[in-house]
Amino acid sequence: MVDRQSEGGWLRTSVGGATSTSITVRGRNLADDVMGKLSFSEAAFLLASGRVPSDEEALLFDAVLTSLADHGLTPTALAARFTYTGAPESLQGAIAAGLLGAGSVFLGPVEDTARFLHDIITHLPDGGVDDASLVAAAGGAVKQQLDAGKRVPGLGHPIHTESDPRTPRMYQLAAENDLLGPHLRLLEQVAVAFGSATGKTLPVNGAGVAGAALLDLGFPPALTRGFALLARTAGLIGHLAEEAESPIGTRLWKEIDARAGRADTD
């Protein structure tokens, strides 16, 4: 008989496991210690970090997920709906189609902003995150982006051109719960620095503030897009539930086809 401890000692996970009578999640009994005691967002926090969030952290984390759940008939929602139109038997395929559309324009800016802010904070001299240090660092980072002809992550939105309604609410919740950390504070200064450098005002967008909040909750940049996808899955399920009851996919397809120009062919 193979001794699993000695033969497969390297093959370990602390995320969870199961026996014939129990399921364990991060060292906690799923049925007794998690179900009915933690919300889904708290359980997600536990799974990703290995610890249960404080009440304040749970509130902010839940706000981040809620803020990213849906934004109307975006390309991600349309991809899911069109896939469902062609394959209504494959709900998972439709959800996957929507999630695969997450990138540099939609949802991906959560991670882009997180990496941008994390890099700035990491290179602060002596790790100082006082206001003066953040102001100086933001100014330098914005100048570097502009000089390179690059956009500044976390700023601007094609619809919310004046102000993204999610942003002030996120800052309010973070402040009320003593979670207004260096990344959220830095992002504010990035917006100020951009305005000073260009004479233009761009709002901090919902994706950017979500990425900053996730960093201040202790998550690494690499996980932030995962949380954006987790949140958007809920929105896609909503779109697909509506598509099943009141379909628009076929009508959209026919409308687009009717309006599409035809290239000349030989």
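For the sequence shown, the numbering used here assigns the number 1475 to the initial residue and increments by one for each residue that follows. For every residue, glycine included, the Cβ atom is placed at its ideal position computed from N, Cα and C.
Assignment of beta-bridge partners to G1490 by DSSP yields V1499. The beta carbons of P1627 and D1586 sit closer together than 7 Å.
Taking each of H1631, P1656, R1486 and G1712 in turn and checking the Cα distance to G1680, the smallest one comes out for H1631. V1678 is a Cβ neighbour of A1665, given a cutoff of 7 Å. Judged by pairs of C-beta atoms under 8 Å, the region 1618-1627 does not touch the region 1708-1725, as fewer than three such pairs exist. At the C-beta level, T1559 and T1672 stay beyond 7 Å of one another. Going by beta carbons, I1569 and L1710 fall inside the 7 Å limit. Here DSSP, grouped into helix, strand and coil, assigns V1664 to helix. Note that the region 1634-1652 does not touch the region 1595-1609; fewer than 3 beta-carbon pairs, one per stretch, sit closer than 8 Å.
Per DSSP, the unbroken alpha helix (DSSP H) holding D1690 starts and ends at G1680 to D1690. Judged by DSSP in its simplified three-state form, G1572 adopts helix. Here L1485 carries a coil assignment [DSSP, helix/strand/coil]. By the criterion of at least three beta-carbon pairs nearer than 8 Å, the region 1689-1701 is in contact with the region 1644-1657. Residue pairing for L1629: DSSP places it in a beta bridge opposite V1678. Just measuring C-alpha positions, the residue of D1536, A1649, R1736 and A1554 sitting nearest L1574 is A1554. In chain order, V1664, A1665, F1668, L1676, P1677, V1678, N1679 and G1682 place their CB closer than 8 Å to the CB of L1629, counting only its own chain and leaving out the 5 sequence neighbours on each side. Contact between A1517 and V1508 holds: their C-beta atoms lie close to 6 Å from each other, under 8 Å. Beta-bridge partners of L1581 (DSSP): G1577.
For I1730, the enclosing alpha helix (DSSP H) stretches over residues G1723 to R1733.
When C-alpha distances from H1597 are compared across A1622, A1537 and L1660, the shortest belongs to L1660. When the five nearest sequence neighbours on each side are left out, the beta carbons in the same chain lying within less than 7 Å of the beta carbon of D1544 are those of G1709 and G1712, in order along the chain.
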